[in-house]
Amino acid sequence: MEKTFQPADIETRWYQEWESKGYFAPQGGEEAYSIMIPPPNVTGSLHMGHGFQEAIMDALIRYHRMAGYNTLWQVGTDHAGIATQMVVERQLEAKGISRHDLGREEFIKKVWEWKEESGGTITRQLRRLGSSLDWSRERFTMDEGLSNAVQEVFIRLYKEGLIYRGKRLVNWDPVLHTAISDLEVISEEEQGHLWHFDYPLVGGEGHLTVATTRPETMLGDSAVAVHPEDERYTHLIGRMVELPLTGREIPIIADDYVDKEFGTGCVKITPAHDFNDYEMGKRHGLPLLNILDDNAAIGSDAPEAYFGMDRFEARKKIVADLDALGLLNKIDDHTLKVPRGDRSGVVIEPYLTDQWYVDARELAKPAIAAVENGDIQFVPKQWENTYFAWMRDIQDWCISRQLWWGHRIPAWYDDDGHIYVGESEKAVRAEHKLADSISLSQDNDVLDTWFSSALWTFSTLGWPEETEDLKIFHPSSVLVTGFDIIFFWVARMIMMTLHFRKEVPFDTVYVHGLVRDAEGQKMSKSKGNVLDPIDLIDGIELEPLVSKRTAGMMQPKLAAKIEKATRKQFPDGIAAYGTDALRFTYFSLASTGRDVQFDIGRIEGYKNFCNKIWNAARYVMMNCDGEDCGQDESLPFDRSLADRWIISRLQEIESDVARCVASYRFDLASQALYEFIWNEYCDWYLELSKPVLWDDNASPEAKRGTRRTLIRVLETWLRLLHPLMPFITEEIWQTVAPLAGKSGPTIMLQPYPVADDSAVDSAANADIEWLKGVIVGVRNIRGEMNIPPGKELTVLMKNGDEEDQRRLTQNAPFLRKLAKLDEVTWLDTTEEAPVAATALVGELEILVPMAGLIDTEAELARLAKETEKLEKDLKRLQGKLGNSSFIDKAPAEVVEKERDKMQAQEQALQKLKEQEQRIRNI
């Protein structure tokens, strides 16, 4: 083994070996275990949330593969309709070409060309994370097989009356000219205004004042609503008001939705341009007046004076015109949430258009029952409440998008507007016996990408054919996902799979938290606090950052903003930490359902853990390679107390890890492994092995037993750790395995360790805990009294029982070696102990006589100097925190850090004073 661990030297090499040898493919086994990857966008690149999610899935897959399951991790990517079309359009625009210049067919060819050349960024990154996906089965939501499945589902749902076309309100992107889903709308607080307008009562008896944040929509008002119990207005319900600038009269209606306490208690109702107003309009039979066009400019149904104006220009003119008429009551500053398209960045409009819809209410019924009766389990369970809340109030699903890239809707129209749905125009004509003279045109819209991904668990396995893979791997075992797409993807998969397969898509939904930055803020491109997991693995220099971030897929302004923030946060670049350290950091934070606060300091700690593992393995190999390690089972060997203890603890850790993985507590599994490997195996057992291995008087059987234990326990915990840290464990295992009597091409196909309860040795556990307690007690005395670590000590023991005396007798060699003792004496209870520093292990007193060990005066002088420095620092902190100006103006987190610092200083000062008193008592 090399002297130092260099992750960059081994990670790519091992991944290529695993993939080329086909180790990621199903290996057979009686019981199947499968996970379908949430298909990342083909335009995408990994962010921290992806990295976290992929690490969890890979750990589950590697664990079950080693546990003997027939394991499949299905890989694939989503065609990402809007995102992909934007990327290619942006590239064309740079050449002065629009998609309309090319036409639909040629533009689609360009998209496919881009996909083949540049669409593999995220799959390369998945490999870099060590994801053991079965790449031989890679699917794409636009490949032929999945396209056939999508078409089959659409046609069947249409013929069953569960898909229809209708005019409804949608989120409309006026730049992309398409409907978008709620998930593609980002609503963030912005500073705006609240305009108050007076609408005159018909008959000239006064007016009603309404308030709006979107003055331009007043051109499409259909009513003014008040609460039915609002005494100010009950006498006006049923009356009419004049809608200024339009020449129309609209009614005053009563509805419980109106908040009497907000504003004037009067609400303008614009059913065609507001989702809440739309529902109220349906309740009251109000007309839907669409006053915008596809560009969000004022349309021809609005008054001529505003026709063709951009919505925001029209806003200014409408406000000015109402002011001129004396109908502008007032303008208030107002903080509001503005919905913007996550791709285009423009303000989204609720817009009335013809779209295709799925009757989600009907499909939701069995999907709700599947979770109610336990066929599908949510982890953590409370996410079931979120699922039920959405599903029991589900609205019909808009599945059409006004794009060119995607699954084109298999519907044709004749000149009279009749709709024909089928596999092709030829099939439609044959089914409906349409003459060639009847002209048909195919719908220009494509299907929402969530429609194809809703079929993901079964379409990737060959449906609509009844394949062998479907029989083996469906339903899948678990879905690993974020809470934000429980409705958009999880619920829709459940609905579609139950409808077409009559079975659930997965048994368990594991919902993980959101990855946040070190301050708990959500990572977002707009904030510039996004971290790329590959940057943490390989490290980055800052110079090529912009080109790396953009990769043709990010708006240049946004890329520049992220670069600026990254340079500020990491002025010297980012160190290379390696995949294993990053993965283990993820696992350490993966408590079920909670958000993950990612602090780069943690990954530094787990890089040190990798180094610890490497150095421990080197120590073992230096002491075992070429030596008798008990490979010959016929030769006798003796196990020391330490050997029996570490084997016993290994069984307990094996049980702990199995229990934690079963409950998706990767944080507890990683913590258990960390504590066992670092503290128990490396810090204690390796030290306890030295007195045996380095003692010329130790028997061959004892040496053989310790070497055998060293190597076999190491090999076992490498397998235990492999699902979490695949690369370092593989590299070390290849060297260690032959000495441990193991053979095989890779650790990832070795059996996962299973606890042997008969090997749990409670007596050995208790004896070693006693030994550790005594050694730590002596070491603490050394530290507190500033005694050099190499100086041998005389130790007295008192007040223990017979068990303590037995343990002392049996472990005296270990104590002398590890605690640096020259003499250990047991005092009778009647003997008076000299002045000594004391530690306790249960009732046992450990006494280190101080006479001649330290220079009392020199030590008191040193403590006085440290005390003086601490008191000065503490006085400064107390003054700072006693300053009301600092408390009021400084950020809360800064104040809290200063308070924590002051508390730490106070505790340190108290310890110094206690130490001073102990020395004076000597």
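Be aware that the sequence shown starts at -8, since it is given in the working numbering, and climbs by one per residue.
In this text, a Cβ means the ideal position worked out from N, Cα and C, and glycines have one as well.
A quick note: this is a predicted structure, and the numbers were derived from the prediction, not measured.
Item	Value
Euclidean distance between Cα positions of Q(-3) and G530	13 Å
Three-state secondary structure (DSSP) of W396	coil
DSSP-derived helix/strand/coil call for L684	helix
DSSP-derived helix/strand/coil call for K915	No statement about residue 915 is possible, as the shown extent of the chain runs from -8 to 913 and does not include it.
The stretch 22 to 33 / the stretch 65 to 72 touching (three or more Cβ pairs under 8 Å)	yes
For E196: DSSP bridge partner residues	Its beta-bridge partners do not exist; DSSP assigns none.
Boundaries (first-last residue) of the alpha helix (DSSP H) holding N771	753 to 776
M918 - partner residues in DSSP beta bridges	Since the displayed the chain opens at -8 and closes at 913, residue 918 lies outside it and no answer follows.
Buried/exposed call for S538, threshold 16 Cβ in 10 Å	For S538, the predicted model reports a pLDDT of 44, less than 50, meaning its position is unreliable and no value from the coordinates is stated.
For W381 and M487, the rounded distance between their alpha carbons	16 Å
First and last residue of the uninterrupted beta strand (DSSP E) at K321	319 to 332
For D436, the nearest candidate out of I73, A351, D189, D406 (CA to CA)	I73
Where the alpha helix (DSSP H) through D498 begins and ends	No alpha helix (DSSP H) contains D498, which is instead part of the beta strand (DSSP E) from 497 to 503.
I766 versus A689 - alpha carbon distance	22 Å
Three-state class that DSSP yields for T34 in the structure shown	coil
Through-space distance from P717 to K(-6), alpha-carbon basis	20 Å
Cβ contact check for the stretch 53 to 67 and the stretch 89 to 108: 3 or more pairs under 8 Å	no
Stretch-stretch touch, CB-based, cutoff 8 Å, three pairs: the stretch 345 to 363 with the stretch 135 to 155	yes
Where F303 falls, given that 16 or more other Cβ within 10 Å makes a residue buried	exposed
Terminal residues of the beta strand (DSSP E) in which I738 lies	Segment: none, I738 is in no beta strand (DSSP E) and carries neither H nor E.
Per-residue burial, D92 [other beta carbons within 10 Å of its own, 16 or more giving buried]	exposed
Span of the beta strand (DSSP E) around Y348	340 to 349
Boundaries of the beta strand (DSSP E) in which L835 is found, first to last residue	835 to 840
Simplified DSSP assignment, three categories, for F479	helix
Simplified DSSP state of Y190, which is helix, strand or coil	strand
Reference R392; option with closest CA among Y348, I367, C673	Y348
Where the beta strand (DSSP E) through I289 begins and ends	Element bounds for I289: n/a, residue is neither H nor E.
Three or more C-beta pairs below 8 Å linking the stretch 628 to 646 and the stretch 6 to 15	no
Rounded separation between V412 and E422 - CA only	10 Å
6 Å CB neighbourhood of L664 in its chain, flanking five on each side removed	L712
Sequence-distant residues of its chain with Cβ nearer than 7 Å to G272 (five each side left out)	S213, I260, P262, L279
Counterpart residues of T68 in DSSP-defined beta bridges	F131
Cβ contact (3+ pairs, closer than 8 Å) linking the stretch 438 to 454 and the stretch 39 to 53	no
Q116 versus Q433: straight-line alpha-carbon distance, rounded	39 Å
For L37 and D526, the rounded distance between their alpha carbons	10 Å
Counterpart residues of A216 in DSSP-defined beta bridges	I244, V258
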